[in-house]
Every structure is written in structure tokens, then in C-alpha cells.
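Novice: Before I ask anything, here is the structure I am working with.
Number of protein chains: 2
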Amino acid sequence: MDSPDNAKTALVARIAEIFREFGYEGASLSRITEGTGLGKGSLYHFFPAGKTEMAAEVLLHIDRWFSRRIFQPLEQADALTGFDDMWRAVDDYFLAGRRICLVGAFAVDSTRDRFAAAINGYFTRWIQALQQALRHAGLNSAEAAALAEDVVAGIQGALILARALDDTDFFTRNLQRLRQRLELALVRQ
Amino acid sequence: MDSPDNAKTALVARIAEIFREFGYEGASLSRITEGTGLGKGSLYHFFPAGKTEMAAEVLLHIDRWFSRRIFQPLEQADALTGFDDMWRAVDDYFLAGRRICLVGAFAVDSTRDRFAAAINGYFTRWIQALQQALRHAGLNSAEAAALAEDVVAGIQGALILARALDDTDFFTRNLQRLRQRLELALVRQ
DNA sequence: GTCTATAAAGCGATAGAC
DNA sequence: GTCTATCGCTTTATAGAC
Chain A
1 MDSPDNAKTA LVARIAEIFR EFGYEGASLS RITEGTGLGK GSLYHFFPAG
51 KTEMAAEVLL HIDRWFSRRI FQPLEQADAL TGFDDMWRAV DDYFLAGRRI
101 CLVGAFAVDS TRDRFAAAIN GYFTRWIQAL QQALRHAGLN SAEAAALAED
151 VVAGIQGALI LARALDDTDF FTRNLQRLRQ RLELALVRQ
Chain B
1001 MDSPDNAKTA LVARIAEIFR EFGYEGASLS RITEGTGLGK GSLYHFFPAG
1051 KTEMAAEVLL HIDRWFSRRI FQPLEQADAL TGFDDMWRAV DDYFLAGRRI
1101 CLVGAFAVDS TRDRFAAAIN GYFTRWIQAL QQALRHAGLN SAEAAALAED
1151 VVAGIQGALI LARALDDTDF FTRNLQRLRQ RLELALVRQ
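Going line by line, the protein sequences match chains A and B.
The first sequence begins at 1 in this note's numbering and counts up one residue at a time.
The second sequence begins at 1001 in this note's numbering and counts up one residue at a time.
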């Protein structure tokens, strides 16, 4: 429970929330110090390369979560339950639109250049896993590709707008419509 | 041509690109100095309140552009050409996905709190103008509201993913699909 | 209107005591 | 493993010459 590994994982999760709130540039070490309760010395003990290493580990942590809860369920060809898993995970993770997608946030400005591989890999895998699951569910390749892109982009857009409008309902109902579109496509073929 | 007003407008446009590239926190005064060719003294002459005032004027500049090219055409009830105007303006403005939406970028992190009214107003007006145009084109209120949200959120998502994947084609084809969905809805009713 | 010089604060990062 | 103190640099912002 309190193994060194778990302690560091919890620390990474805490730092992730600070990056979410302030962005990469806005998340200063003093804010991270304040938000984690750890002094700079402790932070550099865990992350010798400093802020860059913190962000890299945060992205790794996010990728592992999505792998387990979204990518792998979708990639298991035989499991039609993958879609249900994805919608549940998306709702769990983004807290009905109160939480942004940090990978998307990093993609927007020059922070992307530092973490281009992780950012590209996250979205590429999500879209490909979803597309593959849709093909296995019977859609042809073009339909599956288009719908997978629509869904992943639609989630990102809904997250931005929920925050811009300060309206979590926006996220909830847009996610609901995306889900209905996907399920309609599955029924139709 | 070189009136003081036009000179400042050109300056604001230049500063906007620097905010786009580095985000609000990442756009330091030295980067703005470098990108505009103006010293700090000159910048504070134009924007006495500093970076906050620069960003506020940038948001105003963006809002004026969208008002003229997108919101007003959509709000003119009799003009079905409003949709064409919007798609053309979106393509012009975002340079086929090479340019991000600064309003959306500001919405993501704590920068939003500084400019909440401008950010909320921009998206609210876009969605409402589009919804109103769709209703005037014959859609019922619920369909128009849903489609307007899908389109605006879809554009934001496509911009994020085009940058994340470093793939402008992603934006172009997703925008194309959004347009087809809208036109299909118009034909169907 | 633009510049240089400079102030005061905050930044990421390091050193070293404990 | 955590802390305090501190370094060197950059930040936003101001002052004042031209």
C-alpha cells in the first residue's frame, strides 16, 4: 500500500493535477511544492531532471491508465464490451467534463515539441484501437476510420467547450450524442 | 494604411501569433519583444497594463474577426449563404489546421479565469448563431442545438488532434465530414 | 514613440545539513 | 528522504534619456 512505488505513483498523480490546472509553463516548482507538500529538494530527489521529467512521468502515468481502461479493451477483438468500457472510462476519467485532457492541453502550444512522441502515440493508439474495434463489429474500414476520428476529436472538443462555457452538462450531453452515433452505426450495419 | 489604428491592429495580430505559439504563460515579454521587433518600452506604451492587456486586446481582435466573418453572416436570418461563409472563414482562419484556436487554448488552463467572459462569449455566440441559422433553415430547435454544438466542438477537437498528430489532413477531412453532416441535415428536413 | 538601464520578484536548479 | 539556503537567470514592470 505504502511501498515506494505506490508513493511515487501517488505523487505523479498529484503533480498531474497541477499541470492540468496551470499548464506546463504555468506549473511552477513553487506551485508544485505547494500542491504536493514536498520541498524542492524532495522533488529533485524523485525527479532528478526536474520539471521535464515530472511531465514525462505524468504522460507515462496517463498512458498506462488509458491502456488498461480503454486501449486494451478496444484492442481485444472478440470483446464488444470494449465500447462500454471506453464510455465508462471516459466518464470516470474526465469527471463529467470537470477535468481536462492533459495530453490535448500539451498538444496545443510549444509544450508539444518537448513531448511530441508521447502526445502523438496517445491519440494514434486511441483512434486506431477504436477503429479496429469498429471494424470487428462489422463496419467497413472507411466508416470505422471516420467514426473513430469523430469520436476522439469530439471528446476533445467537448472537454474544451465544457471548460470554456463552465458547463459540465455540455460535456455530458455531447458525450451522450457521440455514444448514440457510435451505437447507431453498429446497429445499422 | 499606416494610420496609428492600423499599426496597432497589426501589432495585436502579431502578438496573437506569439500567444498561439507559446500559450499565455509561455509568451514572455522577451519573446514578444523578439517577435514584434519592439522594445519593452514601446510595448508598455501601447499596452500600459502589460501582458494582460495584450491578451485582452488579442481576444477582442479575434472576436471582431469572427463577428464579421462568421457570427454576423449566420445571424442574418434570411441568408442561407451563412453556412458557406462559415466554412470558408474557418478554413481561412485556421489555415487547414496549422493554426490553433487561441480562445480554446486559453480555456484549457487557469488562463481561463483571467478572460472567462471573453472566452465564454466567443463560444456562446458561435453556437447560438449557428443554432439560429439551422432553425431558420428548417431544423427543429433540438436538432439545431445538437448539431450546432457538435460542429463547434468538432472543430475544436479537430484542431487539437491535427496538432497532436502533426497532420493537417486530419483537420481538413474532419472539417469536411462536419460540413457533410450539416448539409445532410439541411436536405433531410 | 522607441530605446537602454534597472528594479523587484519569481524561475528552475543545486548544495549541503540533518 | 526532506529540508533550508542559495545560485544564476529570467520574469514583469518601471524610469528616464532621446
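C-beta: ideal position from N, C-alpha, C; glycine also.
State yes or no: is the C-beta of glycine 26 of chain A within less than 7 Å of the C-beta of glutamate 1021 of chain B?
Specialist: no
Novice: Would you call the stretch 105-116 of chain A and the stretch 179-189 of chain A in contact, with 3 or more CB pairs under 8 Å?
Specialist: no
Novice: Any C-beta of chain B within less than 9 Å: which residues of the stretch 110-125 of chain A qualify?
Specialist: Ser110, Thr111, Arg112, Ala116, Ile119, Asn120, Tyr122, Phe123, Thr124
Novice: Could one say the Cβ of glycine 97 of chain A lies closer than 7 Å to chain B's Cβ atoms, at least one of them?
Specialist: no
Novice: Taking only three categories from DSSP, how would you classify arginine 20 of chain A?
Specialist: helix
Novice: Following the continuous alpha helix (DSSP H) through glutamine 131 of chain A, name the residue where it begins and the one where it ends.
Specialist: Taken as a continuous stretch (DSSP letters only), the alpha helix (DSSP H) holding glutamine 131 of chain A covers 116-136.
Novice: Just to make sure I have the definition right: I need the residues of chain A whose C-beta is within less than 7 Å of the C-beta of phenylalanine 1022 of chain B. Which are they?
Specialist: Asp109, Ser110
Novice: Just the C-alpha distance for alanine 1133 of chain B and valine 108 of chain A, rounded to the nearest angstrom, thanks.
Specialist: 30 Å
Novice: Would you kindly work out how many angstroms separate the C-alpha atoms of proline 1048 of chain B and alanine 1105 of chain B, rounded to a whole number?
Specialist: Rounded to whole angstroms, proline 1048 of chain B and alanine 1105 of chain B show a C-alpha spacing of 24 Å.
Novice: By Cβ distance below 6 Å, which residues in the same chain neighbour alanine 194 of chain A in space, the five residues on each side in sequence not counted?
Specialist: Nothing can be reported for residue 194 of chain A: it is not among the residues displayed for chain A, which extend from 1 to 189.
Novice: As an exercise, report each continuous alpha helix (DSSP H) stretch of at least 4 residues that is fully enclosed by the stretch 1001-1087 of chain B, in chain order.
Specialist: 1004-1026, 1029-1036, 1040-1046, 1051-1066, 1072-1075
Novice: Kindly list, in the order they appear in chain B, the residues whose Cβ is closer than 8 Å to that of glutamine 156 of chain A.
Specialist: Gln1156, Gly1157, Ile1160, Leu1161
Novice: What are the residues in the stretch 1174-1189 of chain B lying within 7 Å of chain A by C-beta distance?
Specialist: Asn1174, Arg1177
Novice: Which first and last residues belong to the alpha helix (DSSP H) in which leucine 184 of chain A is found?
Specialist: 168-188
Novice: Got a sec: is the Cβ-Cβ distance from glycine 1104 of chain B to anything in chain A below 7 Å?
Specialist: Chain A, which has a Cβ nearer than 7 Å to the Cβ of glycine 1104 of chain B, makes this yes.
Novice: I need the straight-line Cα distance from glutamine 1156 of chain B to threonine 36 of chain A, nearest angstrom please.
Specialist: 32 Å
Novice: Report the rounded CA-to-CA distance for proline 73 of chain A versus alanine 89 of chain A, giving the unit in angstroms.
Specialist: 11 Å
Novice: Below 7 Å between beta carbons: does that hold for asparagine 120 of chain A and leucine 1165 of chain B?
Specialist: yes
Novice: Out of A/Glu75, A/Phe46, A/Ala55, which one is the CA nearest neighbour of alanine 118 of chain A?
Specialist: A/Ala55
Novice: Roughly how many angstroms lie between the CA atoms of methionine 1 of chain A and phenylalanine 1171 of chain B, to the nearest whole one?
Specialist: The predicted model places methionine 1 of chain A with a pLDDT of 49, which falls under 50 and marks its position as unreliable; any figure quoted below should be read in that light. Rounded to whole angstroms, methionine 1 of chain A to phenylalanine 1171 of chain B spans 45 Å at the Cα level.
Novice: Please report the residue range of the alpha helix (DSSP H) in which aspartate 150 of chain A lies.
Specialist: Run containing aspartate 150 of chain A: 141-164, per the alpha helix (DSSP H) assignment.
Novice: Residues of chain A with a CB under 8 Å from the CB of arginine 1050 of chain B: which are they?
Specialist: The sequence shown places glycine at residue 1050 of chain B, rather than the arginine named in the question. Within chain A, no residue comes near glycine 1050 of chain B; the closest Cβ sits about 17 Å away, beyond 8 Å.
Novice: Excluding the 5 residues flanking arginine 173 of chain A on each side, which residues of the same chain have their C-beta closer than 7 Å to its C-beta?
Specialist: none
Novice: In the structure shown, what three-state DSSP assignment does arginine 98 of chain A receive?
Specialist: coil
Novice: Is the beta carbon of leucine 186 of chain A less than 7 Å from the beta carbon of alanine 142 of chain A?
Specialist: In this structure, alanine 142 of chain A does not lie closer than 7 Å to leucine 186 of chain A by Cβ.
Novice: Can you confirm whether isoleucine 1100 of chain B, when its beta carbon is compared against all beta carbons of chain A, has any partner nearer than 7 Å?
Specialist: yes
Novice: Between the alpha carbons of arginine 188 of chain A and isoleucine 127 of chain A, how many angstroms are there, rounded?
Specialist: In a straight line, the C-alpha of arginine 188 of chain A is about 21 Å away from that of isoleucine 127 of chain A.
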